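Going by this note's numbering, the first residue of the sequence shown is number 68, and it counts up by one from there. Just below is one structure, and these are the notes that go with it.
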Amino acid sequence: MPTFRSDLSSIPRYVPGRTLDEVVREFGLASISQLASNEWPNRPFPEVVDAIASAAVHLNRYPDNSTHEIRHAIAAFHGVAPEAVWVGSGSSDLIRSTALSVGGPATSAVFADPSFILYPITTTISGAESIRVPLAAGYRHDLDRMLDAIRADTTLVYVCSPNNPTGGHLAGHEVRAFLDDVSEAVVVIVDEAYAEFVTAADHDSVVKEAPARSNVLVLRTFSKIYGLAGLRIGYGIGNPDLIANLHRTQAPFAVTTVAQVGALEALKHQDRVKERALANAEGREFLTAALFERGFDPAESQANFVYFEPAFSSRQLADDLMAKGVIVRRLGAGLRVTVGTPTENAQFVETLDELLATR
Ligand SMILES: Cc1ncc(COP(=O)(O)O)c(C=O)c1O
68 MPTFRSDLSS IPRYVPGRTL DEVVREFGLA SISQLASNEW PNRPFPEVVD
118 AIASAAVHLN RYPDNSTHEI RHAIAAFHGV APEAVWVGSG SSDLIRSTAL
168 SVGGPATSAV FADPSFILYP ITTTISGAES IRVPLAAGYR HDLDRMLDAI
218 RADTTLVYVC SPNNPTGGHL AGHEVRAFLD DVSEAVVVIV DEAYAEFVTA
268 ADHDSVVKEA PARSNVLVLR TFSKIYGLAG LRIGYGIGNP DLIANLHRTQ
318 APFAVTTVAQ VGALEALKHQ DRVKERALAN AEGREFLTAA LFERGFDPAE
368 SQANFVYFEP AFSSRQLADD LMAKGVIVRR LGAGLRVTVG TPTENAQFVE
418 TLDELLATR
């Protein structure tokens with residue numbers, strides 16, 4: 068029996084949403100709505116697929132470890148220096164590297180609960196302790212309590228806006244005030260994986276000003292609105308000195324050649340990104356209204372998903388939906404439904420109606 072680290076079994080497993088193939092195999096269904104993983108429901112931009120196909124012939128070579136071209140393109144897009152951009156194999160890669168670079172035994176990390184399930188996982192992997200601060204009324208980050216929760220041994224704080232799984236966002240001034248109050252000895256990750264979906268007028272990302280702060284890393288990803296979840300590429304923006312230190316724990320060649328090339332092309336199509344944000348907002352409103360009409364109380368969402376806590380078993384509802392071909396995500400007492408295509412959204416509502424009629 069090999070010797071594993073003594074706390075290995077305490078690392079929570081990341082359980083991904085069920086894949087289409089799994090559900091088709093298990094239930095033998097023809098029409099499935101895959102609304103469990105907050106992915107974009109349609110294919111990537113065709114130009115991106117072409118760019119990836121053309122780059123594939125170079126895969127005998129290692130990727131550019133410095134991610135030069137895509138880093139410069141992201142820097143130009145946000146109006147920051149290329150040294151202020153850190154590219155990873157998905158933003159999860161940057162979360163993990165940050166946790167490993169600042170965490171470890173006798174340290175702690177503060178985050179909201181519920182929030183992105185990777186935060187406690189990476190905290191435990193790093194050997195640090197998780198400090199969970201429950202969301203306040205209306206599923207909002209309780210920034211005052213999060214500030215109070217920071218201890219002398221805390222090295223990392225996560226602020227997720229919009230928050231996964233509940234979807235609510237923080238106004239720019241709220242995030243700024245929080246960052247002003249946190250000691251520079253503590254790294255703050257502002258996770259903006261869903262920022263491009265926000266349509267609320269008071270949303271104001273701190274991405275451009277992050278490099279001027281010594282301890283702030285703002286995360287974005289190509290997995291969501293750009294529709295490239297399978298490509299694995301995301302980025303962080305922060306102070307160049309901070310990034311130079313954080314990136315020490317990142318695996319070499321973490322970002323593949325096709326990921327770099329695909330993201331470079333995707334970034335050029337901001338007109339279509341904006342169209343997607345509008346289409347998503349329509350779907351989000353449709354799902355939210357449908358849930359209210361059926362007596363549920365969904366959280367106000369600015370992301371590409373809607374969260375609600377049914378008064379009855381969330382597990383039963385998720386299982387019953389799945390058996391009828393609608394895959395949603397159950398998280399504790401809540402269900403998170405990703406905005407799909409209009410057909411998928413309608414299938415969710417129709418299936419929900421069928422199930423409610425039999426209760
Ligand atoms: C809040 C949040 N951050 C980060 C990620 C990671 O995304 P990726 O690693 O695909 O960039 C996700 C994915 O679901 C997320 O919900």
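Every residue gets a Cβ at the ideal spot worked out from N, C-alpha and C, and that includes glycine. Model, not experiment: these values are computed from the prediction.
Anyone know if the C-beta pair for Val254 and Ala179 falls short of 9 Å? Within the sequence shown, numbered from 1, the residue matching residue 254 stands at position 187. Within the sequence shown, numbered from 1, the residue matching residue 179 stands at position 112. No, Cβ-Cβ distance for Val254 and Ala179 is not below 9 Å.
Tell me, please, whether the stretch 220-236 touches the stretch 162-180 by the rule of three or more beta-carbon pairs shorter than 8 Å. Counting Cβ pairs under 8 Å, three or more are found: they touch.
So what does DSSP say about Gln317, is it helix, strand or coil? Here residue 317 refers to the residue found at position 250 of the sequence shown. In this structure, Gln317 counts as coil in the three-state DSSP scheme.
Can you pull the DSSP bridge partners for Thr418? By 1-based counting over the sequence shown, the position of residue 418 is 351. Bridge partners of Thr418: none, in fact.
Once DSSP output is grouped into helix, strand and coil, what is the label at Thr221? Start at 1 with the first residue of the sequence shown, and residue 221 comes out as number 154. Strand.
Using a Cβ-Cβ cut-off of 7 Å (strictly less than) and excluding sequence neighbours within five positions of Pro108, which residues of its own chain qualify? In the sequence shown, counting from the first residue as 1, residue 108 sits at position 41. If you ignore the 5 residues before and after Pro108, its C-beta comes within less than 7 Å of the C-beta of Gly407, Thr408, Glu411, all in its own chain and listed in chain order.
With a floor of 4 residues, list each alpha helix (DSSP H) that falls wholly inside the stretch 89-150, ordered by position along the chain. If you keep only unbroken alpha helix (DSSP H) runs of at least 4 residues inside the stretch 89-150, you get 113-122, 135-145.
By DSSP's criteria, Glu405 is part of a beta bridge. Which residues make up the other side? By one-based count along the sequence shown, residue 405 stands at place 338. Checking the sequence shown, residue 405 turns out to be Thr, not Glu. Paired residues: Phe372.
Compute the Euclidean distance between the alpha carbons of Ser250 and Leu126, then round it to the nearest angstrom. Your numbering for residue 250 matches position 183 in the sequence shown. Your numbering for residue 126 matches position 59 in the sequence shown. Roughly 44 Å between the two C-alpha positions.
Contact check, Ala103 vs Thr405 under 8 Å by CB: the rounded distance? In the sequence shown, residue 103 corresponds to position 36, counting from 1. In the sequence shown, residue 405 corresponds to position 338, counting from 1. The Cβ separation is near 6 Å, so the contact holds.
Looking only at its own chain, which residues have a Cβ that is under 7 Å from the Cβ of Val91, when we skip the five neighbours before and after it? Walking along the sequence shown from the start, residue 91 turns up at place 24. The beta carbon of Val91 lies closer than 7 Å to those of Ile99 in the same chain, with the five residues before and after it left out.
Any heavy atom of ligand 1 inside 8 Å of the beta-carbon of Ile188? Your numbering for residue 188 matches position 121 in the sequence shown. Here the distance from the Cβ of Ile188 to the nearest heavy atom of ligand 1 is not below 8 Å.
In terms of residues, what are the limits of the alpha helix (DSSP H) holding Ile192? Indexing the sequence shown from 1 puts residue 192 at position 125. Counting along the chain, Ile192 sits inside the alpha helix (DSSP H) bounded by residues 185-193.
Between Phe245, Ala262, Arg212, which has its C-alpha nearest Asn230's C-alpha? Along the sequence shown, read from residue 1 onward, the residue named residue 230 stands at position 163. Nearest of Phe245, Ala262, Arg212 to Asn230, Cα basis: Ala262.
Please determine if the stretch 137-152 and the stretch 348-361 are in contact, where contact requires at least 3 C-beta pairs separated by less than 8 Å. With a cut-off of 8 Å, the stretch 348-361 and the stretch 137-152 do not count as touching, because too few Cβ pairs lie within range.
Please report the residue range of the alpha helix (DSSP H) in which Phe245 lies. Counting from 1 along the sequence shown, the entry for residue 245 is found at position 178. DSSP places Phe245 in the uninterrupted alpha helix (DSSP H) bounded by 239-248.
Limits of the unbroken alpha helix (DSSP H) element including Arg397: Taking the sequence shown and counting its residues from 1, one reaches residue 397 at position 330. Per DSSP, Arg397 belongs to no alpha helix (DSSP H); it is in the beta strand (DSSP E), 396-398.
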